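These notes concern the structure reproduced below.
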Amino acid sequence: MNILKSREFALAAIVASLIIAVGLRAPVFLTGSSLYGMLVDTCFLFMLALAQMAIILTRGIDLSLASNLALTGMVSALFAAAFPAVPMLFVLLLAIAVGAALGLFNGLLIANLNIPPIVVTLGTLAVYRGLIFVIAGGAWLTSDDMSKAFVDFPKLDILGISILLWFAIIVTAAFAFFLNYTGTGRSLYAIGGNPVAARFCGINIPKHLLMVYALAGAVSGLCGALWVSRYGIAYVDIANGFELTIIAACVIGGVSIAGGIGTVSGALLGALFLGVVVNALPVINVSPFWQMAISGAVILAAVIVNARSEKHAEKLILPEARRAAAGGKS
Amino acid sequence: MTVQRYDVLDKEPFRWSNFLLRWEFILALLLIAVMIMGTVISPYFLDIWTLSDATFNFSEKAIIALPMALLILTREIDLSVAATISLASLAMGLCAGLGFGPWPLAGIGLIVGLACGIFNGVLVTKIGLPSIVVTIGTMSLFRGLAQVVLGDQAVTTYPPGFSTVGQGYIIKWPPVAWSFAIFLLLAAVFAVVLHKTAMGRKLFAIGNNPTAARFSGIAVDRMKLALFALTGLMAGLAAVLLTSRIGSTRSNIALGWELDIITMVILGGVSIAGGVGSIGGVVLAVLVIGLATLAMSLVNVPGIVISVAMGALLIVSIAAPIVIRKLIQRTSSS
């Protein structure tokens, strides 16, 4: 059993004990419908954490995911309002395409112009969110403005499970397959693990980066349409600040910001942890204002724990050299 | 005959082409363009009172941009500065309720800011964690604590006299605001330290190659810890100025400022990869952003559209030179 597996196991145990601890205070939390509701609530975070993880694996970061989500959400809401007869599937495809295009724009600047990802996505974070205001003229779209098909879509159940959860399951399965069993997916790990070595192995790094930012954008786009149809509202500030929650989920899930380390189950557990915290606080009568402080403390705890298992060789050079020298003398 | 292994070059002679391609020169042109544009689109732009009024809106951010530039120069970053402001402002608000005077209040703001900075610095340097993750965590933690204490309430009672430093002018004519004067003074100090002292050269060395810097005897971790502490202290100072200016503390005070501040630093030509940057560039970027925001708001451009323009400015100003260089290479090679 390797360390990586045990880390996810430990995280799963922590999440499980957290759920049980909350359940002891408020047994209602442990009912099937409450846990199911929590899962459905966390769907967006599941999908976006996976998308963000794929990027962080390549030593990148995408701060614009939440802005992308909000913009594509507004685009799809406007589209669904203007063409109520168009089937929902088409609206979703449009949202995915728009999201992918926005992601691709990030990718072009990052892969082709070599601008650091944090700089590019810091810029597009502001630009994409501002564009919502521009395209909607500052208006709010509520469920009254949207078509009935659009608003009713997230209420669909298939086999008794919410369509939102199905989307999360499909995206998770796709990412699990992509990152573990395809050459392209493994290349993302290689790029993050050692870009120079990856280059010498013949991996086309710019092409992979373009792809991964477009992929993350596509997931954001999908989430955007689903988000707006679920909550029945589209305006400038939806999912504002969510980009950091997404990154927090990854960090808690053991995804290394230095690249090359991260698993699908880890990212999911990180997202689930935050989902449990958000949903549990009201149940145990703790003010929701605690939520931010708790997630901050958890992020710090997670990164401290994870740092122990991935010590940097560079940092070790000096103490080791000193120890070797001391050993040589004695 | 001795074999010379290394050529130690003299200082490069002055060349116009180098000067014209310098980032600071491009920024200066941009600043002039913004000034001309502002004058053309609004008759109120080129007025001493308007301009001095505008400095209130960016001086607090600009004060934090100075130490942030040093952090980014050494390959670190601090995303928690705005959250530090909220915590420092909260502390001042609570102490104001206990009847503290203006000066002790300012001291408390500075101390809380410094403590936040040291907390970040210890996590980054002593435990060896990546600063971006640490400060995403402390950003939630600091603002979260402010939220826990304040909830949706606000502290609005501050002692008389506390508003002077945030709202007043140090010189009546030409009108220079306290906060802007403090920024200019600090900018001068930062510029001298970074560009004219051994300590400044060490920061560049750390940014270029932390390992080599460590091997050449530079106390890398200690200097980084000091920079985080300094950034926290400046965030505390900004909290004092901001709280004094608006006279109230909410948990969402200065929300999102970290991104504005980092935009100032990056537009100022400080490389996120470390080792490149100047205080002059950051000061010019601050002025470009501040005056462009003023010009747009004078003609009633909504704030959110201004932020689109700033985001676009950031991307275009960094992408354009790279694209131009690529085009030049392509034409010269073909």
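If you read the sequences in order, they're chains W and U. Note that this note's numbering numbers the first sequence so that position 109 is 160, with each residue one more than the last. Note that this note's numbering numbers the second sequence so that position 275 is 1238, with each residue one more than the last. Beta carbons: idealized from backbone N, C-alpha and C, even for Gly. Computed from a prediction, not measured in an experiment: that's the story for all the values here.
- Residue-level contact by beta carbon holds for ALA344 (chain W) and chain U, with a gap shorter than 9 angstroms.
- Shown here for MET1273 (chain U): same chain residues with a beta carbon closer than 7 angstroms to its own, the five before and five after excluded, namely THR1226 and ILE1252 in chain order.
- The secondary-structure analysis by DSSP pairs ASP208 (chain W) across a beta bridge with W:SER213.
- In this structure, SER1126 (chain U) keeps its C-beta atom at 9 angstroms or more from the C-beta atom of GLY1219 (chain U).
- Rounded to the nearest whole angstrom, the CA to CA distance from SER1241 (chain U) to ILE1269 (chain U) is 26 angstroms.
- Short of 8 angstroms from the beta carbon of VAL91 (chain W), and not among the five residues preceding or following it, lie these beta carbons of its own chain, in chain order: SER213, LEU215 and LEU216.
- Taking the C-beta atoms as reference points, ALA1017 (chain U) is found no nearer than 9 angstroms to LEU1277 (chain U).
- PHE324 (chain W) and VAL66 (chain W) have their C-alpha atoms some 6 angstroms from each other.
- At a beta-carbon threshold of 9 angstroms, the residues of chain U lying near TRP341 (chain W) are GLY1107, GLN1110 and VAL1111, ordered along the chain.
- Three or more beta-carbon pairs separated by less than 8 angstroms are not found between the stretch 299 to 313 of chain W and the stretch 194 to 203 of chain W, which leaves the two stretches without contact.
- With contact defined as three or more Cβ pairs closer than 8 angstroms, the stretch 163 to 176 of chain W and the stretch 184 to 191 of chain W are not in contact.
- By the Cβ-count criterion, LYS1024 (chain U) is buried, with 16 or more other Cβ atoms from all chains shown falling within 10 Å of its own Cβ.
- Contact check for ASN157 (chain W) against SER127 (chain W) fails: the beta carbons are separated by 9 angstroms or more.
- Boundaries of the beta strand (DSSP E) around ILE1134 (chain U): 1132 to 1134.
- Beta-bridge partners assigned by DSSP to ALA285 (chain W): W:LEU192.
- The criterion of a C-beta distance shorter than 9 angstroms is satisfied by VAL1044 (chain U) and ILE1027 (chain U).
- Not flagged as an interface residue toward chain W: MET1259 (chain U), since no C-beta distance is shorter than 9 angstroms.
- For the stretch 156 to 176 of chain W, the set of positions with a beta-carbon nearer than 8 angstroms to some beta-carbon of chain U reads LEU160, LEU164, ASN165, ILE166, PRO167, ILE169, VAL170, VAL171, LEU173, GLY174, THR175 and LEU176 in chain order.
- Remark: C-beta atoms of LEU1033 (chain U) and ILE1095 (chain U) do not approach each other more closely than 9 angstroms.
- Counted as a single uninterrupted DSSP element, the alpha helix (DSSP H) harbouring MET125 (chain W) occupies residues 116 to 133.
- Assignment of VAL1139 (chain U) by DSSP, reduced to helix, strand and coil, places it in the strand class.
- Along the stretch 269 to 287 of chain W, going in chain order, the ones with a CB nearer than 9 angstroms to a CB of chain U are VAL287.
- Below the 9 angstroms Cβ cutoff, chain U contributes no neighbours of ALA290 (chain W), its closest Cβ being approximately 14 angstroms away.
- The Cβ atoms of VAL1128 (chain U) and PRO1030 (chain U) do not sit closer than 9 angstroms to each other.
- SER1295 (chain U) and ILE1285 (chain U) have their alpha carbons spaced roughly 15 angstroms apart.
- Spanning the alpha carbons of TYR1121 (chain U) and LEU1113 (chain U) requires a straight line of approximately 16 angstroms.
- Put simply, the backbone Cα of ILE1229 (chain U) is about 14 angstroms away from that of LEU1250 (chain U).
- At a cut-off of 9 angstroms between beta carbons, ILE1145 (chain U) makes no contact with chain W.
- Neighbours of THR1226 (chain U) in chain W, taken as residues at a C-beta separation under 7 angstroms, are given in chain order as LEU173.
- With its beta carbon less than 9 angstroms from one in chain U, ARG180 (chain W) belongs to the interface.
- With respect to GLU987 (chain U), GLY1244 (chain U) sits close: the two C-beta atoms are nearer than 9 angstroms.
- Straight-line spacing of the CA atoms in SER1179 (chain U) and LEU1036 (chain U) works out to 18 angstroms.
- Using a CB distance below 8 angstroms, the part of the stretch 1074 to 1104 of chain U facing chain W consists of LEU1086, ILE1090, GLY1091, LEU1092, PRO1093, ILE1095, VAL1096, VAL1097, ILE1099, GLY1100, THR1101, MET1102, SER1103 and LEU1104, ordered along the chain.
- Residue nearest to ILE161 (chain W) within the set W:VAL149, W:VAL306 and W:TYR264 is W:TYR264 (criterion: CA-CA distance).
- Only residues of its own chain outside the window of five on either side were considered, and among them PHE97, ALA100, LEU101, THR223 and GLY304 have a CB closer than 8 angstroms to the CB of LEU319 (chain W), listed in chain order.
- When secondary structure is reduced to three states using DSSP, THR1174 (chain U) falls in the helix class.
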